[in-house]
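Notes follow the structure.
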Amino acid sequence: MQILFSLRMVNSTHNMVYGAFSSTATEELLLYTYDSNICNRCLKRYVNIREFFSKRVADRGLAYTKFKAHKFSYLNVSGIGSSYVPDGVECGLACVSIPLCLSLNLAAFHDIIGKLPCEVLPSDMYNNSDKFVASTVAITFVSQQSPCISWPCQNTGACATQYEENIYVCLCEKGYKGKHTHRRTQNKNTLICY
1 MQILFSLRMV NSTHNMVYGA FSSTATEELL LYTYDSNICN RCLKRYVNIR EFFSKRVADR
61 GLAYTKFKAH KFSYLNVSGI GSSYVPDGVE CGLACVSIPL CLSLNLAAFH DIIGKLPCEV
121 LPSDMYNNSD KFVASTVAIT FVSQQSPCIS WPCQNTGACA TQYEENIYVC LCEKGYKGKH
181 THRRTQNKNT LICY
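Using UniProt numbering, read the sequence shown as starting at 1 and increasing by one per residue.
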């Protein structure tokens, strides 16, 4: 499992990247920074590496999330925007910088001028699972780490992640209820099941 971690700090005069980390399932955090006091203070305040999830704190100038790559697949939805980036970290940082971004499609190989096409997306594979498709071309879909990764909602219930709290809610099909949409109900209008 490959996880891409991105952290971006923003203040009133600069929009600087303080750190990015790419791992193959280790719990190490590697940061590069121009001002370690600012970055260390933010990490102590907001980031617990073992229980790490998405956070966007606009008034404090901090945004971070953990991503998971899904090779040879993509989410077929309209994007928020697209650009050409030198590497996957820059694409992840672009997503972190846009509050509406929940995932991204990223080319697996650089183009002829050495750039990767990157598309930031306003949805994720859990809310649009019917649009999450295998790719015959070299594309990697990158989603935010989510408690929906285990697909806990049963009976075609949709899993809606609440990224800030690192929790999920199952949206039940009519006729089902329960935290995991696992029980039949006589009420055919049930939609949210806690």
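We put the CB at the ideal spot given by N, CA and C, even for glycine.
For clarity, every value in this text was computed on a predicted model and none was experimentally measured.
For the alpha helix (DSSP H) containing residue i, list its first residue and its last residue.
i   : result
G92 : G88 to S97
First and last residue of the beta strand (DSSP E) that includes residue i?
i    : result
E119 : L116 to L121
V169 : I167 to L171
Y163 : That residue, Y163, is in no beta strand (DSSP E); it is neither H nor E in DSSP.
A108 : Neither: A108 is in no beta strand (DSSP E) and is coded neither H nor E.
Judging by CA-CA distance, which residue of the options is the nearest neighbour of residue i?
i           : options                 : result
Q144        : M125, T136 and L116     : M125
G114        : V85, P99 and V137       : V85
R183        : V137, T156 and S97      : T156
residue 196 : Q154, E165 and N166     : This structure cannot speak to residue 196, because the chain is shown only from 1 to 194.
L93         : F72, E164, K66 and N166 : K66
A108        : V137, S123 and P99      : V137
Y163        : V89, D87 and S123       : S123
Helix, strand or coil: how does DSSP classify residue i here?
i    : result
S129 : helix
S150 : helix
F141 : strand
I80  : coil
L75  : strand
K174 : coil
K68  : strand
Residues in the same chain with beta-carbon distance under 6 Å from residue i, minus the five sequence neighbours each way, listed in chain order, please.
i    : result
S146 : T161
C91  : V85, L104, L106 and C118
K71  : T140
Skipping 5 residues on each side, what residues in its chain have a beta carbon closer than 7 Å to that of residue i?
i    : result
Y74  : N105, V133, S135, I139 and F141
C159 : Y126, C148, W151, P152, C153, Y168 and C170
L121 : L75, V77, G79, I80, C101, L102, S103, L104 and N105
S131 : In the sequence on display, residue 131 carries Lys and not Ser. The residues are L75, N76 and V77.
CB-CB under 8 Å to residue i, same chain, minus the five flanking residues each way: which ones, in chain order?
i    : result
D111 : Y84 and P117
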